[in-house]
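Protein chains in written order, with our numbering: chain A, 1190 to 1292; chain B, -7 to 135.
For every residue, glycine included, the Cβ atom is placed at its ideal position computed from N, Cα and C.
In structure tokens, the structure reads:
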């Protein structure tokens, strides 16, 4: 199981700003190890953010996203104390969901 | 295969839901902008001045971590994609922006070498593009 994400969600004006730091190798499949063998690709393919059961952002990623990916976005609404959930799925089928309280 | 994949394969999910879940392999394997746009179901994008790069450097010291932010001022923006011309596969990421979410995202990408970076925006069914050159002093795809 991958390490938890760091999620920060803050009310800014009438919107909520969400910043996420995920923990993932994001191996491109282009790199070779010391023995000259290609390191297989291993990266997050999809990310979904939900608030009150509604999707506020969904994304598809390729291996060109940096190791330990960072993502930030803003959506209208959101109140202090509410929860925002983020889920990612990688190309090996591994999955992780974390949630944060809007502050 | 994931459970969702199995369900979609068995026809248990509505086509719309399945499409939203499936990773667009063809688009991510595209070598050119035209191929990528085609794989996403669009036609040749129009240049737009309403797409801006925010907190994106002109020169990146480390190609493994290049911050890229894209903001679209085009009404009815539905999705924002980031493409890097000289990477082995151009498409780095594509974000679907539901109504109520600001058409503005930022993330960090890897760049093998100095290259043009494109922000591709889908708004009201049409595609628009803007580009910015980022110089990389140390590549991000080496061993």
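Opposing strand residues paired with residue i [DSSP bridges]
i                       : result
residue 1274 of chain A : A:1239, A:1288
residue 52 of chain B   : B:128
residue 1199 of chain A : A:1206
residue 1227 of chain A : A:1221
residue 61 of chain B   : B:46, B:98
residue 27 of chain B   : Its beta-bridge partners do not exist; DSSP assigns none.
residue 1264 of chain A : A:1205, B:93
residue 1248 of chain A : A:1236, B:87
residue 1259 of chain A : A:1210
residue 38 of chain B   : B:120
When the options are compared against residue i, the one with the closest alpha-carbon
i                       : options                        : result
residue 119 of chain B  : B:69, B:127, B:15, B:53        : B:69
residue 40 of chain B   : B:114, B:14, B:17, B:21        : B:114
residue 76 of chain B   : B:88, B:100, B:89, B:63        : B:100
residue 1260 of chain A : B:71, B:59, B:36               : B:59
residue 1203 of chain A : B:93, B:23, B:56, B:31         : B:93
residue 95 of chain B   : A:1268, A:1241, A:1247         : A:1247
residue 1282 of chain A : A:1226, A:1225, A:1235, A:1222 : A:1235
residue 78 of chain B   : B:66, B:65, B:110              : B:110
residue 1194 of chain A : A:1285, A:1292, A:1290         : A:1285
residue 1270 of chain A : A:1192, A:1191, A:1197         : A:1197
residue 14 of chain B   : B:23, B:22, B:32               : B:32
residue 117 of chain B  : B:24, B:36, B:21, B:25         : B:36
Under 9 Å by beta carbon: chain A residues contacting residue i
i                      : result
residue 102 of chain B : 1215, 1217, 1252, 1253, 1254, 1255, 1256
Proximal residues of chain B, C-beta to C-beta of residue i below 8 Å
i                       : result
residue 1245 of chain A : 90, 92, 93
residue 1263 of chain A : 93, 94, 96
residue 1266 of chain A : 92
Neighbouring residues, chain A, relative to residue i (Cβ below 7 Å)
i                      : result
residue 107 of chain B : Residues of chain A passing the Cβ test: none, with the nearest at roughly 11 Å.
residue 99 of chain B  : 1254, 1258, 1259, 1260
Within chain A, partners of residue i - CB distance below 8 Å
i                     : result
residue 56 of chain B : 1255, 1256
residue 51 of chain B : Near residue 51 of chain B there are no residues of chain A at all, since even the closest Cβ is about 17 Å away, more than 8 Å.
residue 45 of chain B : Under the 8 Å cutoff, chain A gives no residues; its nearest Cβ is about 14 Å from residue 45 of chain B.
Beta-carbon neighbours of residue i, restricted to chain B and to distances below 9 Å
i                       : result
residue 1202 of chain A : Within 9 Å Cβ-Cβ: nothing; residue 1202 of chain A doesn't reach chain B, min ~11 Å.
Interface residues of chain B facing residue i [CB-CB closer than 7 Å]
i                       : result
residue 1235 of chain A : 15
To test your reading of the DSSP string, which unbroken alpha helix (DSSP H) runs of 4 or more residues are found completely within the segment 65 to 131 of chain B? Here no run is fully enclosed.
By the 9 Å beta-carbon criterion, what residues does the segment 1270 to 1284 of chain A contribute toward chain B? 1278, 1280, 1282, 1284
Short-range partners of chain A found in the segment 62 to 91 of chain B, where Cβ spacing is below 8 Å: 76, 79, 80, 81, 83, 84, 85, 86, 87, 88, 89, 90
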